[in-house]
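Asks: Protein chains in written order, with the UniProt record's numbering: chain A, 1 to 154; chain B, 1 to 260.
Glycine is no exception: its CB is placed at the ideal position from the N, C-alpha and C atoms.
Okay, structure coming up:
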C-alpha cells in the first residue's frame with residue numbers, strides 16, 4: 001500500500017491542533033486556570049437567611065476574592081443556614097472576630113459573601129465558626145416592608 | 001384496508017430486521033478494531049480522509065458561528081446593560097451545545113456521506129465480495145479503520161470548532177463592539193467549569209462520532225448495490241445522522257445539565 005509522508009504530517013497536525021484546542025479551552029475558557037487545589041481551609045458561618053447564595057459563590061475581603069462557598073445546608077435544630085467557605089490558605093491571617101455578610105453584586109447580580117476583618121490577635125483556623133453574620137437582603141421582603149410603611153403612613 | 005395492514009406489518013418487520021443487521025454490523029466492526037491496532041497506517045489514512053479533510057469546513061464554520069453569537073449576544077445583552085457577560089454566553093453555548101452538535105452535523109454531511117458513497121460503491125463494484133473471495137474480512141479491513149477514525153476525529157473536530165468559535169466571538173465582541181477584554185475572559189472563566197461544561201461537551205461529541213460513523217458505514221454496507229441504491233443510502237445517512245444527533249443531544253443534555 002502506498003503511503004505518503006505528507007498525509008502523516010497532516011494527520012499529525014490535525015491531532016495536535018485538536019489537542020491544542022482542548023488545552024486552550026481548559027486554560028483560557030474554564031476555571032481550571034485559576035484552580036487553587038486543596039491549598040485551602042474551611043470556615044463556617046450560620047446565617048438566618050442565606051438568600052440566593054449558591055455553592056461556588058465568591059467570598060471576598062474588600063472586593064478581592066479569597067475563596068468560594070463550598071457547601072450550604074440547613075441546621076435542623078435552629079433552622080438556620082450553615083454556609084461553609086473554603087478560603088485560600090495564603091490568607092491565613094484573618095482575625096477570628098471578623099464578620100460576614102451576604103451582598104448582591106449590582107441590583108440583579110449574583111450574591112457573594114463579604115468578610116469584614118475584625119481586630120482580634122487570633123486568626124481564623126480550619127473549621128472555625130464566624131459568629132458575627134448578617135443575612136442576605138431579600139428584595140421582595142424589602143419591597144413588602146416599604147409598601148406596608150407607605151400604606152400605614154397615609 | 002387489508003392492504004394497508006399488510007404494508008404496515010411489512011414496513012415494521014423490515015425496519016426491525018434492519019436494526020438487527022445494524023447491531024450485528026456494529027458488534028462485528030467493534031471486534032474488528034483490535035485488528036486495526038497493529039496496522040496504524042490504515043487508521044492514519046482514514047483519519048486523513050475523515051478528519052483532516054473536514055478540518056477546513058469545521059474551522060471556518062466555527063469562526064462564523066462564534067462571530068454571529070458575538071453579534072447577536074451583544075445586541076440582546078446590551079439591552080440589559082450586561083455586555084460583559086458576552087464571553088459567558090458565547091463560550092457556554094459553544095462548548096455545551098453548538099460545538100458538539102453543529103460539528104457533528106457538518107461531519108455527517110462532509111465525512112459521513114463520503115463514507116457511505118465509498119462503501120456503497122465498493123459493494124456495487126463487488127470489491128467487498130472480491131475481498132471475501134481472498135479470505136480477507138472486508139469489515140475488519142475496510143469498515144473498522146473507518147469507524148475508529150470517525151470516532152477519534154469527532155471530539156477533536158468539536159474541540160476545534162468550540163475553540164475557534166470562542167476566538168471568533170472575541171474578535172467581534174472585544175475587537176469590533178468594544179466589550180472590555182478583561183471582563184470577557186474573567187466572567188467566562190468564572191462561569192465555565194472544566195468538568196461540567198467542557199468535558200460534558202467532549203463526551204457528547206464522542207457519542208455523536210460513534211453514532212454518525214455507525215450510521216454512515218452501515219448505510220453504505222447495507223446499500224442496494226446499484227447507483228440508485230447508493231444515492232439513496234447517502235441521503236439516508238445524512239438524514240438519519242442529523243435526526244439521531246439532534247435527538248441524542250436532547251437526551252444527553254437532559255442527563256448532563258437537566259434535573260430530570
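(1) Measuring CB atoms only, is the stretch 112-130 of chain B touching the stretch 226-242 of chain B, in the sense that at least three cross pairs come out at less than 8 Å?
(2) Restricting to Cα atoms, I'd like to know which of A:58, A:73 and A:90 is closest to residue 102 of chain A.
(3) Given that residue 48 of chain B touches chain A, what residues does it touch there, using C-beta distances under 7 Å?
(4) Identify every run of the alpha helix (DSSP H) within the stretch 29-74 of chain B, keeping only runs that are complete inside it and at least 4 residues long; order them along the chain.
(5) Grab the span of the beta strand (DSSP E) containing residue 68 of chain A for me, first residue to last.
(6) Give every residue of the same chain whose Cβ lies closer than 8 Å to the Cβ of residue 60 of chain A, excluding the five residues on either side of it in the sequence, and list them in chain order.
(7) Which chain B residues sit within Cβ distance under 8 Å of residue 146 of chain A?
(8) Apart from the five residues on each side of it in sequence, which residues of its chain come closer than 6 Å, Cβ to Cβ, to residue 140 of chain B?
(9) If you follow the alpha helix (DSSP H) that residue 91 of chain A is part of, which residue opens it and which one closes it?
(10) By the 10 Å Cβ neighbour count, where 16 or more other Cβ atoms means buried, how is residue 255 of chain B classified, buried or exposed?
(11) Is there a C-beta anywhere in chain A that falls below 9 Å from the one on residue 102 of chain B?
(12) Under the DSSP definition of a beta bridge, which residues are partnered with residue 129 of chain A?
(13) Along the UniProt domain "Mce/MlaD" (40-118) of chain A, where does the CB come closer than 7 Å to a CB of chain B? Name the residues.
(14) Apart from the five residues on each side of it in sequence, which residues of its chain come closer than 7 Å, Cβ to Cβ, to residue 55 of chain A?
(15) Which two residues bound the contiguous beta strand (DSSP E) that contains residue 112 of chain A?
(16) Grab me the residues of residue 107 of chain B's own chain with a C-beta within less than 7 Å of its C-beta, minus the 5 sequence neighbours each way, in chain order.
(17) For a test of the three-state rule: what should DSSP assign to residue 84 of chain A, helix, strand or coil?
(18) Closest to residue 250 of chain B by CA distance: which of B:63, B:21, B:96 and B:68 is it?
(19) Is there contact between the stretch 36-46 of chain B and the stretch 84-104 of chain B, where contact requires at least three CB pairs shorter than 8 Å?
(20) Give the straight-line distance between the Cα atoms of residue 7 of chain B and residue 12 of chain A, rounded to the nearest whole angstrom.
(21) Between residue 58 of chain B and the rest of its own chain, which residues show a CB-CB distance below 7 Å, the 5 nearest in sequence each way excluded?
(22) So which residues on chain A does residue 55 of chain B lean against when the C-beta distance must stay under 7 Å?
Replies: Working from what's here:
(1) Counting Cβ pairs under 8 Å, three or more are found: they touch.
(2) By 1-based counting over the first chain, the position of residue 102 of chain A is 102. Answer by Cα proximity: A:58.
(3) Working through the second chain from its first residue, we reach residue 48 of chain B at position 48. Under the 7 Å cutoff, chain A gives 7, 10 and 11.
(4) Complete alpha helix (DSSP H) runs here, min 4: 40-47.
(5) On the first chain, position 68 is the one that residue 68 of chain A refers to. Element bounds for residue 68 of chain A: 64-74.
(6) The residue labelled residue 60 of chain A in the question sits at position 60 within the first chain. Contacts found: 66, 112, 113, 114 and 115.
(7) Looking up residue 146 of chain A in the first chain gives position 146. Within chain B, no residue comes near residue 146 of chain A; the closest Cβ sits about 24 Å away, beyond 8 Å.
(8) Residue numbering aside, residue 140 of chain B sits at position 140 when the second chain is read from its first letter. Excluding sequence neighbours, residue 140 of chain B sits near 32 and 35.
(9) Mapped onto the first chain, residue 91 of chain A falls at position 91. Careful: residue 91 of chain A lies outside any alpha helix (DSSP H) and carries neither H nor E.
(10) For the purposes of this step, residue 255 of chain B is identified with residue 255 of the second chain, where counting begins at 1. Counting Cβ neighbours within 10 Å, residue 255 of chain B comes out exposed, since fewer than 16 surround it.
(11) Within the second chain, residue 102 of chain B is the residue found at index 102, counting from 1. No, its Cβ sits nowhere closer than 9 Å to a Cβ of chain A.
(12) Start at 1 with the first residue of the first chain, and residue 129 of chain A comes out as number 129. Bridge partners of residue 129 of chain A: A:44.
(13) The UniProt domain "Mce/MlaD" (40-118) of chain A vs chain B, Cβ under 7 Å: nothing.
(14) Residue 55 of chain A sits at position 55 when you count from the first residue of the first chain. Within its own chain, the residues whose Cβ lies closer than 7 Å to the Cβ of residue 55 of chain A, once the five positions on either side in sequence are excluded, are 69, 70, 71 and 72, listed in chain order.
(15) Taking the first chain and counting its residues from 1, one reaches residue 112 of chain A at position 112. Residue range 111-116 is occupied by the beta strand (DSSP E) that includes residue 112 of chain A.
(16) Looking up residue 107 of chain B in the second chain gives position 107. For residue 107 of chain B, the CB contacts under 7 Å within the same chain, skipping 5 residues up- and downstream, are 54, 154, 157 and 212 in chain order.
(17) Translated into positions along the first chain, residue 84 of chain A becomes position 84. In the structure shown, residue 84 of chain A falls within a strand segment according to DSSP collapsed to helix, strand and coil.
(18) Numbered from its first residue, the second chain carries residue 250 of chain B at position 250. The option with the nearest alpha carbon to residue 250 of chain B is B:96.
(19) No, because fewer than three Cβ pairs between the stretch 36-46 of chain B and the stretch 84-104 of chain B fall closer than 8 Å, the two stretches do not touch.
(20) The sequence position of residue 7 of chain B within the second chain is 7, counting from 1. The sequence position of residue 12 of chain A within the first chain is 12, counting from 1. Looking at the two C-alpha atoms, the distance is approximately 52 Å.
(21) On the second chain, position 58 is the one that residue 58 of chain B refers to. Around residue 58 of chain B: 103, 106, 157, 160 and 161.
(22) Translated into positions along the second chain, residue 55 of chain B becomes position 55. Correct list: 14.
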